[in-house]
Amino acid sequence: MTAPSAVLETGYGELVDAFETFVRRELVPLAADLGETTDLPPADLRDYARRRSASLGFYAGDYPEELGGAGMPFSAVVQLHHAAGRSGCPLAPYALAGSDGPSPLLVHGTDEQIKRYLVPLVRGEAARCLALTEPQAGSDAFHLTSTATRDGDGWVLNGRKTFVSNADHADFAIVIAGTDAGPTAFVLDMDTPGLRIGQRYEGMSGEPLFELVLDRAQVGGDAVIGGENGVGTAMERGIDSLSRGRLVVAAQCNGIAEYALRLGVDYARERRAFGERIGAYQHVQEHLVSSRAEVEAAKLLTLACARLVDQGTEDPQNAALAKLTSSQTAMRVVDRSLQVHGATGWVRGHPLEFLYRYVRMTTLIEGTSEIQKVIIARAMGLG
Ligand SMILES: Cc1cc2nc3c(=O)[nH]c(=O)nc-3n(C[C@H](O)[C@H](O)[C@H](O)COP(=O)(O)OP(=O)(O)OC[C@H]3O[C@@H](n4cnc5c(N)ncnc54)[C@H](O)[C@@H]3O)c2cc1C
Numbered sequence: 271m272t273a274p275s276a277v278l279e280t281g282y283g284e285l286v287d288a289f290e291t292f293v294r295r296e297l298v299p300l301a302a303d304l305g306e307t308t309d310l311p312p313a314d315l316r317d318y319a320r321r322r323s324a325s326l327g328f329y330a331g332d333y334p335e336e337l338g339g340a341g342m343p344f345s346a347v348v349q350l351h352h353a354a355g356r357s358g359c360p361l362a363p364y365a366l367a368g369s370d371g372p373s374p375l376l377v378h379g380t381d382e383q384i385k386r387y388l389v390p391l392v393r394g395e396a397a398r399c400l401a402l403t404e405p406q407a408g409s410d411a412f413h414l415t416s417t418a419t420r421d422g423d424g425w426v427l428n429g430r431k432t433f434v435s436n437a438d439h440a441d442f443a444i445v446i447a448g449t450d451a452g453p454t455a456f457v458l459d460m461d462t463p464g465l466r467i468g469q470r471y472e473g474m475s476g477e478p479l480f481e482l483v484l485d486r487a488q489v490g491g492d493a494v495i496g497g498e499n500g501v502g503t504a505m506e507r508g509i510d511s512l513s514r515g516r517l518v519v520a521a522q523c524n525g526i527a528e529y530a531l532r533l534g535v536d537y538a539r540e541r542r543a544f545g546e547r548i549g550a551y552q553h554v555q556e557h558l559v560s561s562r563a564e565v566e567a568a569k570l571l572t573l574a575c576a577r578l579v580d581q582g583t584e585d586p587q588n589a590a591l592a593k594l595t596s597s598q599t600a601m602r603v604v605d606r607s608l609q610v611h612g613a614t615g616w617v618r619g620h621p622l623e624f625l626y627r628y629v630r631m632t633t634l635i636e637g638t639s640e641i642q643k644v645i646i647a648r649a650m651g652l653g
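Heads up: the sequence shown begins at 271 in my numbering, then just goes up one per residue.
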């Protein structure tokens, strides 16, 4: 039987096969040694997955070859993220560029910034973090209180950033701070005097977040991404790249949902209760059949939006529709598959127990579900 989504998966079969082979042959054996402590794979293994994948041309594959990427269409990248989630391998997501990988903001960098920061990120040789969120500015990222003030040829940055991923292993931070001309993106090496990691927040899925404190952090004029032309442009340039980031999250969610569904179906075919395989009971079928329909719909939507991006249409509404649908689908599907497993799926160390905690972040990151709805409502002429 051919799934409807296969119609949109054409063209990148060999690439996806090669990536899946890499995951199966190289990453699955490494992850198998981790046993039940796989909430967050150790940093050296995450680093290895990133570098090895970059050397094979998968990591940051949509960046141009002259920057160290493979010049892949965006649809191909989306399918790789889907395949990583579907593999169920806890190391696979780290083999593809995520929140510590190349930032689209740096594409607007000066030649020097592209060479010094973007190229090592694309090649998987460096990692970064993004410090945007503040204690009083999350979804409402336009109302930052952190400041950057001119000081001779350079700038002095002050403020507090919260919930920053990857700060503990980043080589540098992209910091968005307010200036007279509006929010501005700066790139700061992590050892910049006045920049320090503050509080550590333990997350549901094991990956910690951090506070970044800017206490009179002094940087040169060359720390503004894009140089003098970049002053005041952080939001408009950031918004331009949001759609792709949201479609990547959607693809990750669909891959995870497909993996969770597979676990649920396999279990329902084997597990017996009251003298029958539980998959014979309609209440159990309901969990799995509804999940199957929803995963297929979310996947079709995401693949179609990715294809539109390749055709030149980067409509924020499309990405919002796909991210909203896929993240909510993934939460429901993981929940239902866990239910089908009974207590077995609830026990610490079971993949569904981990995924139940892991997918919870997907309706918060890259814009909450409510913010996706705001975008869609506006596009519908409401509000
Ligand atoms: C796992 C994880 C990783 C993260 N990584 C980073 C990172 O690397 N760098 C970084 O800067 N930040 C990061 N964040 C922070 C993330 O970007 C914010 O949590 C997110 O933008 C929401 O902001 P908030 O938490 O302050 O919630 P708030 O903005 O305070 O929202 C609270 C609630 O109000 C709702 N709401 C807000 N405004 C509206 C509105 N207009 N209409 C309807 N509902 C609304 C929200 O949807 C939410 O339900 C991360 C968060 C998580 C969970």
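Virtual Cβ for every residue (Gly too), placed ideally from N, Cα, C.
Just so it is clear, the structure is predicted and the values come from calculations on it, not from any experiment.
Residue range of the unbroken alpha helix (DSSP H) whose run includes residue i
i    : result
S345 : 344-357
Y628 : 621-628
P453 : Premise fails: P453 lies in the beta strand (DSSP E), 452-459, not in any alpha helix (DSSP H).
G429 : Premise fails: G429 lies in the beta strand (DSSP E), 424-435, not in any alpha helix (DSSP H).
V604 : 586-611
L573 : 552-580
F328 : No alpha helix (DSSP H) holds F328; DSSP gives it neither H nor E.
P390 : 389-392
S475 : Premise fails: S475 is in no alpha helix (DSSP H) and is neither H nor E.
P299 : 298-302
N499 : Looking at the DSSP string, N499 is not in any alpha helix (DSSP H), and its letter there is neither H nor E.
Q642 : 639-649
L285 : 283-292
Heavy atom of ligand 1 within 7 Å of residue i beta-carbon
i    : result
M601 : no
K593 : no
M650 : no
S373 : no
G355 : no
S369 : yes
M631 : yes
C399 : yes
D450 : no
T403 : yes
V434 : yes
L739 : A query on residue 739 cannot be resolved here, the shown segment of the chain reaching from 271 to 653 and no further.
L458 : no
S409 : yes
T638 : yes
Span of the beta strand (DSSP E) around residue i
i    : result
Y471 : 465-471
G490 : Counting along the chain, G490 falls outside any beta strand (DSSP E), and DSSP gives it neither H nor E.
T417 : 417-421
I446 : 442-449
L400 : 398-401
Sequence-distant residues of its chain with Cβ nearer than 6 Å to residue i (five each side left out)
i    : result
E528 : R356, V565
P363 : A354
S696 : Outside the shown range of the chain, which is 271 to 653, sits residue 696, and nothing can be said about it.
L400 : I444
A674 : No answer is possible for residue 674: the residues shown for the chain start at 271 and end at 653.
Residue nearest to residue i in terms of C-alpha spacing, selected from the options
i    : options                : result
C359 : P299, G331, T403, V348 : P299
K569 : G473, G525, G502       : G525
G490 : F456, V519, L517       : F456
T595 : I384, Y626, V519       : V519
P374 : Y387, T291, A365, P363 : Y387
Y329 : L366, A576, L484       : L366
R516 : T417, G339, F544, S597 : S597
P402 : T599, L482, M631       : What sits at residue 402 in the sequence shown is Leu, not Pro. With distances taken between Cα atoms, L402 lies closest to L482.
Q349 : Y282, V293, V579       : Y282
L326 : C523, H351, A288       : A288
Cβ shell of residue i (< 7 Å), same chain only, five flanking positions each side left out
i    : result
W616 : L608, E623
L310 : G476, E477
G379 : Y387, L388, I495, G496
L315 : L300, L361
Cutoff 8 Å; reference residue i; Cβ partners in own chain excluding five residues on either side
i    : result
D605 : Y626
Residue i Cβ short of 7 Å to ligand 3 heavy atom set
i    : result
L414 : Questions concerning ligand 3 fall outside what the structure shown contains, since the ligands it does hold are ligand 1.
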